[in-house]
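Below is one structure, written out as structure tokens; the observations come after it.
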Amino acid sequence: MVRALTHALEQQRLHHAYLFTGTRGVGKTTLSRILAKALNCTGPDGNGGITAQPCGQCKACQEIDSGRFVDYIEMDAASNRGVDEMAQLLDKAVYAPTSGRFKVYMIDEVHMLTNHAFNAMLKTLEEPPGHVKFILATTDPQKIPVTVLSRCLQFNLKQMPPGHIVSHLDHILAQEGIGHDGNALRLLAQAAHGSMRDALSLTDQAIAYSAGQVSEDAVRGMLGAIDQGYLVQLLDALAAEDGAAMLAIADAMADRSLSFAGALQDLGSLLHKVALAQAVPASVQDEWPEADEVRRLAGVFDAQEVQLFYQIANLGRSELALAPDEYAGFTMTLLRMLAFRPSSEPTTAQGQGGGAAPARQRGAEAAQTVDTRHATAVANAAEQAKAGAAAGPVPAPMPARAVQPVAVAEPAAAPAAVPASPEAAPARPAAGAGNGAMSPAAAALAAARQASAA
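Counting the sequence shown from 1 gives a position; my numbering is that position plus 5.
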């Protein structure tokens, strides 16, 4: 963004409307004043023109810094959001600047304007007079109509990096002659969340709180920040699987009325640094207050354990509002880490031979056992094959005997019906005639018939 504005000013390719977006305290208003100075700067000798580097010494620059430049108008859209206020502003815009080169209108929190106010400024915003520049600033560009966005050159201001905030605070405190230490400034920069204005406000509060000496202990007490010593002790107790020690540390934190939500947040940040130290040891910065502890913890825990603990800490932080109270939610998170720890076996430190995971060691041992059993089975089969070959040729199997067919006798014919009279009865063959001898019953019946006939 700075590069784009610098090139535009150097090449005299100016836009009639600029839109600065970004969170609070990132410099939207400050940047609009710098741009106004660049447009109206006349140089130390009074003969300068538009420049990318305002001198800060001419009348226009000094008056803009002090808020007395009549051609630089700042309007708060939150309190002047109606169409009447916008109409008054546009009526004054047609007049030429009084003392400057351009008349610059800076409308802060422009998303607070009503739809009628936006509609009233559309025509002027699209074709403004040549001597008028509009600078719009907002923290919520989604609420601005598309018709306004399309007429502006938009720049998004990012949050300030913590390193820049620390450097700026160090410069200011040095100019004021106030003693301070680097760890205190890092805590202030972290609490500011990328907002330089918030960092300056917290610094003023820290100066008053610490009686003129900005120290780490004073800033922690003011912010209610968690001492890293508690977190390191928690991880040491977790490594030793000492649940009693973990609960004792939680009780000590509760006695000091520390925020358990902040404790889980800082614990996740510490675990993140430990994971970085395990994956990329060079990423550990020596200026970290806990750099030595991070390197040590990287050798105490396995990488899978650190990932699991990090996930449990984030989950516990999100579930803290659902717990009966913060203490219960925090202690349950610690007990969950203790219960779900993959292994209780000690791990090898990184500096002493690689730090292999116990789970991986057990898996390798199991794989080695399977391989040993397989090799043993193969050797036994080979020995049996050799023993069979030494015993001689295997005799040929006995041939199967031929199965003799079994004769099945035909079923005997059913006996003929006995006639009602002896005359009608056919003659029976004599005993012993035919295919076989008569049965005794049949012989007796035949004898009775012969006697009756005689």
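Using N, Cα and C, we set each Cβ at its ideal position, and we do this for glycine too.
Subject >> Opening and closing residue of the beta strand (DSSP E) in which N161 lies >> reply: 158-161
*asked:* Measuring alpha carbon to alpha carbon, tell me which residue in R18, N120, S37, P166 is nearest F139.
replied: S37
- [ ] Can you give me the Cβ contacts of M6 inside the same chain, cut-off strictly under 6 Å, excluding the 5 residues immediately before and after it?
- [x] Close CB contacts of M6 within its chain, under the 6 Å cut and outside five residues either way in sequence, are with F160 (chain order).
Original post:
How many whole angstroms separate the CB atoms of L207 and A197, which I take to be in contact at a CB cut-off of 8 Å?
Top reply: 6 Å
Distance, Cα to Cα, E310 vs V299?
15 Å
Residue range of the alpha helix (DSSP H) that includes K128
Per DSSP, K128 belongs to the alpha helix (DSSP H) from 120-131.
Give the straight-line distance between the Cα atoms of A204 and I170, rounded to the nearest whole angstrom. 7 Å
Coil, strand or helix - H185 by DSSP: strand
Nearest-angstrom Cα separation, counted from L141 out to S172:
29 Å
* Whose CA, out of A266, H277, K128, D232, lies closest to the CA of D330? -> A266
Does DSSP classify Q233 as helix, strand or coil? Of the three classes helix, strand and coil, the one that applies to Q233 here is helix, per DSSP.
Give the secondary structure of I140 by DSSP, where H, G and I count as helix, E and B as strand, and everything else as coil.
strand
#### Entry: Where the alpha helix (DSSP H) through A100 begins and ends
Per the sequence presented here, residue 100 reads as Tyr, with Ala not at that position. From DSSP, Y100 is part of no alpha helix (DSSP H); its letter is neither H nor E.
- Task: Starting from the N-terminal side, write out each stretch of the alpha helix (DSSP H) that is 4 residues or longer and does not extend beyond the segment 45-105.
- Result: Taking only runs of at least 4 residues, the alpha helix (DSSP H) segments lying wholly in the segment 45-105 are 64-71, 88-98.
Check: Would G520 pass as a contact of M201 if the rule is Cβ separation under 8 Å?
Finding: There is simply no residue 520 to check, as the chain begins at 6 and stops at 459 in what is shown.
Exercise. Less than 8 Å separating the beta-carbons of M91 and L118?
Worked result: With respect to the 8 Å criterion, M91 and L118 are classified as neighbours on the basis of their beta carbons.
Sorted by chain position, which residues of the same chain lie with C-beta nearer than 7 Å to I55's C-beta, five sequence neighbours on each side aside?
L14, Q17, A43, L44
In whole angstroms, what separates the C-alpha of L3 from that of A268? Because the chain in this structure spans residues 6 to 459, residue 3 falls outside the shown range and cannot be described.
Q.
Per the DSSP calculation, K108 is bridged to which residue(s)?
A. V137
Do you know how far the Cα of C46 is from the Cα of L302?
-> Going from the Cα of L302 to the Cα of C46 covers about 57 Å.
Within 8 Å, strictly: CB atoms of L263 and I231: yes
Q: Could you give the DSSP three-state label for V305: helix, strand or coil?
A: In the structure shown, V305 sits in a helix (DSSP, three-state: H, G or I).
Quiz prompt | M165 versus G30, Y235, M337, residue with shortest Cα-Cα distance | solution = G30
- Rounded to the nearest angstrom, how far is the Cβ of V471 from that of I149, given a contact under 8 Å? As displayed, the chain neither begins before 6 nor continues past 459, which places residue 471 out of reach and without an answer.
- Task: Compute the Euclidean distance between the alpha carbons of Y235 and L162, then round it to the nearest angstrom.
- Result: 37 Å
For my contact list, A342 and F314 are in at a C-beta cut-off of 8 Å; report their separation, rounded to the angstrom.
At residue 342 the sequence reads Met, which differs from the Ala that was named. Going by Cβ atoms, the distance from M342 to F314 rounds to 5 Å, so yes, they are a contact pair.
Requested in this report: Quick one: which unbroken alpha helix (DSSP H) runs of 4-plus residues sit fully inside the segment 261-289? Chain order, please.
Outcome: 265-284
Inset, instruction - Give every residue of the same chain whose Cβ lies closer than 8 Å to the Cβ of C63, excluding the five residues on either side of it in the sequence, and list them in chain order. - result: C46, T47, G48, P49, G51, G53
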